[in-house]
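Here the structure comes first, spelled out in structure tokens, and everything after it is commentary.
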Amino acid sequence: MAEVIYDHVTKRFDSVVAVNDLTLEVEDGEFLVLVGPSGCGKTTALRCLAGLEEVTSGDIVIGDRVVTHIPPKDRDIAMVFQNYALYPHMTVYDNMAFGLKLRKVPKQEIDRRVKEAAEILGIQDLLNRKPRQLSGGQRQRVALGRAIVREPQVFLMDEPLSNLDAKLRVQTRGELIKLQRRLGVTTIYVTHDQVEAMTMGHRIAVMNQGVLQQLDTPENLYDRPANLFVATFIGSPAMNIFPAQVVGGDGTVQLVAGDVKLEAPPSHRNRLADYVGREVLVGIRPEDLEVVAGNPESEGGDTVRLPVELIEPLGAETLVHLRGPAGTLIAQGEPRIHLDPGDVVTIRVRKDHLHTFDPQT
Ligand code: ADP
Ligand code: MG
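Okay, so the sequence shown: first residue is 10 according to my numbering, each after it adds one.
What follows is the structure in structure tokens.
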């Protein structure tokens, strides 16, 4: 086990800056998720750590060693790839044992480690099979097993669940979390899936276009996104975003969008004072737009009246699409709410959960 440090790491491929000045410290034993849209540099960041890519500049530290120019095999890491990269002609046992044989680990020790890992993963009965005789989920376990037997200081995982169907992915996600907590090995896990990131990581590093946007706990990313990118990337359905004019006077600050006027909560007043007379982007999550039951004409204060465009009953909740002042707003309603398109409903805005963003940033 070890901590991992990216110290101002940049990786260029000709004109493409795949990873741009990444500085990041992963704690010993931590499960850190690197998340971001396709092409944002996640795999490249992981490959730099593994030594599969030479960094253009910066340093990488694993434990107490600077490994920037150390070859992959000497970095004491194990990587699980998206496609599992199993050897098709070898049995499960040999696939798991292979890396250890290369390292001249004694046969008995190999046997002990393979059997132990197989037991942890529940694949004891599959050791004599070939990869083609396994389901996707079983192959995924073998790939994990191959990493576990190495007893590395760090696990690197690049979208290891993305080839599994949705149900198995959710199940395996839970098992991976338990496995990591049990083994306590520092893990860096790459995914483009923000739900996976939010459920698995002790902390999450959000990347966009090669640049780290925010490194934080799932709670903080959700409640205190550092910028508009993080705000809209994390959360499903996405945070509602709409432009509003900042209007000041008499010690109050109002956010005005069409005929909707909201008094800014006290926590935002100072910040918004600088924006009076200008436009900001307002963010509010669907669950912070509450459809008021009974549909009163007015509740006063923090409510607005908006027409319903569409209802999406999802079982545990209903998404209510509303015609907002500047496009659709999505509110989260009760599971069996009865509404029809065209109905005008009262929405209570949880103003203390509002976010505001500078449109220039
Ligand atoms: P992600 O894993 O987040 O989808 P990648 O790290 O694979 O992103 O890619 C980041 C950027 O670097 C992309 O623009 C990609 O096209 C580019 N890239 C990755 N690998 C190479 C390579 N070997 N040669 C040239 N460009 C590459
Ligand atoms: Mg990738």
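Ideal Cβ placement from N, Cα and C applies to all residues, glycine included.
Annotated as proximal: residue 294 and residue 244, with beta-carbon spacing under 8 Å. A direct Cα-to-Cα measurement between residue 189 and residue 288 gives close to 46 Å. The alpha-carbon of residue 73 is positioned some 25 Å away from that of residue 155. In this structure, residue 238 has its beta carbon at no less than 7 Å from each heavy atom of ligand 1. In terms of Cβ geometry, residue 357 and residue 327 do not form a close pair [threshold 8 Å]. Here residue 256 is bridged, per DSSP, to 263. Only buried fits residue 164, as 16 or more other CB atoms lie within 10 angstroms of its CB.
For secondary structure counted as the beta strand (DSSP E) over 3 or more consecutive residues, the stretch 149-226 holds these complete runs in sequence order: 163-167, 195-200, 212-217 and 220-225. In this structure, DSSP gives residue 322 an extended state, which the three-state scheme calls strand. Assignment of residue 121 by DSSP, reduced to helix, strand and coil, places it in the helix class.
Sequence-distant partners of residue 186 (beyond 5 residues in either direction) whose C-beta falls short of 6 Å from its own C-beta, in its chain, are 209.
With contacts defined as CB atoms closer than 8 Å, residue 273 and residue 335 fail to qualify as a contacting pair. C-alpha of residue 82 to C-alpha of residue 56: approximately 13 Å in a straight line.
Taking residue 351 as the centre and dropping the five residues before and after it, the same chain places the C-beta of 316 and 317 closer than 7 Å to its C-beta, in chain order. The count of Cβ pairs closer than 8 Å, one atom from the stretch 45-62 and one from the stretch 159-175, reaches three, so the stretches are in contact.
Between residue 236 and residue 45, the C-beta spacing is not below 8 Å. The nearest non-hydrogen atom of ligand 2 is 7 Å or more from the C-beta of residue 124.
Look at the beta carbons and you see the stretch 79-99 not touching the stretch 18-38: under three pairs across the two are nearer than 8 Å. In the pairwise beta carbon analysis, the stretch 196-216 is classified as not touching the stretch 142-151: fewer than three pairs are separated by under 8 Å. Counting other Cβ atoms within 10 Å of its Cβ, residue 111 stays below 16 and is therefore classed as exposed.
The Cβ atoms of residue 18 and residue 64 lie closer than 8 Å to each other. Listed in chain order, the alpha helix (DSSP H) elements of length 4 or more contained wholly in the stretch 28-107 are 51-59. Ligand 1 has no heavy atom closer than 7 Å to the beta-carbon of residue 57. By the Cβ neighbour-count rule, residue 20 is buried, with 16 or more other Cβ atoms within 10 Å of its own. By the criterion of a C-beta distance shorter than 6 Å, residue 314 is surrounded in its chain by 353 and 355, once the five residues flanking it on both sides are discounted.
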